[in-house]
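Participant:
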Amino acid sequence: MNANVNGAAPVALALALTAGASPAQLPSVATVHIRDFKFDPTPVTVHAGDRVTFVNDDDEAHTVTASDKSFDSEGLDGAGMWQHVFAKAGTYRYFCELHPYMKAIVVVLPATGAER
Ligand SMILES: [Cu+2]
Numbered sequence: 001m002n003a004n005v006n007g008a009a010p011v012a013l014a015l016a017l018t019a020g021a022s023p024a025q026l027p028s029v030a031t032v033h034i035r036d037f038k039f040d041p042t043p044v045t046v047h048a049g050d051r052v053t054f055v056n057d058d059d060e061a062h063t064v065t066a067s068d069k070s071f072d073s074e075g076l077d078g079a080g081m082w083q084h085v086f087a088k089a090g091t092y093r094y095f096c097e098l099h100p101y102m103k104a105i106v107v108v109l110p111a112t113g114a115e116r
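Counting along the sequence shown from 1, when you hit position 36 you're at 36 in my numbering, and nothing is skipped either side.
What follows is the structure, given as structure tokens:
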């Protein structure tokens, strides 16, 4: 019957949200705010495989763009949100393409499984 659909409903809802203008926020280990033309905090240290959320608190548009172009949020409007999974360990320098003096760093350590 159609009555017992509770198990499937959350998945359908999540997919619908992902397709919308305001993407669903997935769990992340760190959030970087873009505020007053600065990335805060920086540097941020995470582990390989971790997802980082970037939130634009300014009214001005900004981007989160890797210096080596390995990732790029493209334009983030005010209140815009973008997430990126850092799959590999390394030091990632990034900046805002619209305001290139806005620079910050994400340090990605090897996956936690290696430490514990
Ligand atoms: Cu900017």
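All C-beta atoms, glycine included, are put in the ideal place defined by N, C-alpha and C.
Quick one: what's got a C-beta closer than 8 Å to Pro110's C-beta in the same chain, skipping five residues either side?
Facilitator: Against the sequence shown, residue 110 aligns to sequence position 110. For Pro110, where only same-chain residues beyond five positions count, the Cβ hits under 8 Å are His47, Ala48 and Ala89.
Participant: Can you tell me which of the three DSSP states Gly75 falls into?
Facilitator: Translated into positions along the sequence shown, residue 75 becomes position 75. If DSSP states are grouped into helix, strand and coil, Gly75 belongs with coil.
Participant: If you count every other CB in all the chains shown that lies within 10 Å of the CB of Phe54, and 16 or more means buried, which is it?
Facilitator: Here the question's residue 54 lines up with position 54 in the sequence shown. So Phe54 counts as buried.
Participant: To which residues of the same chain is Phe39 closer than 6 Å at the C-beta, ignoring the five residues directly before and after it?
Facilitator: Position 39 of the sequence shown, counting from 1, holds the residue named residue 39. Excluding residues within five positions, the ones whose Cβ falls inside 6 Å are Val32 and Ala104.
Participant: For Gly49, name the three-state secondary structure that DSSP assigns.
Facilitator: Counting from one through the sequence shown, the residue named residue 49 turns up at place 49. Coil.
Participant: Evaluate Phe86 with the Cβ neighbour count: other Cβ atoms within 10 Å of its Cβ, from every protein chain shown; 16 or more gives buried, anything less gives exposed.
Facilitator: For the purposes of this step, residue 86 is taken as the residue at position 86 of the sequence shown. Per the 10 Å Cβ criterion, buried.
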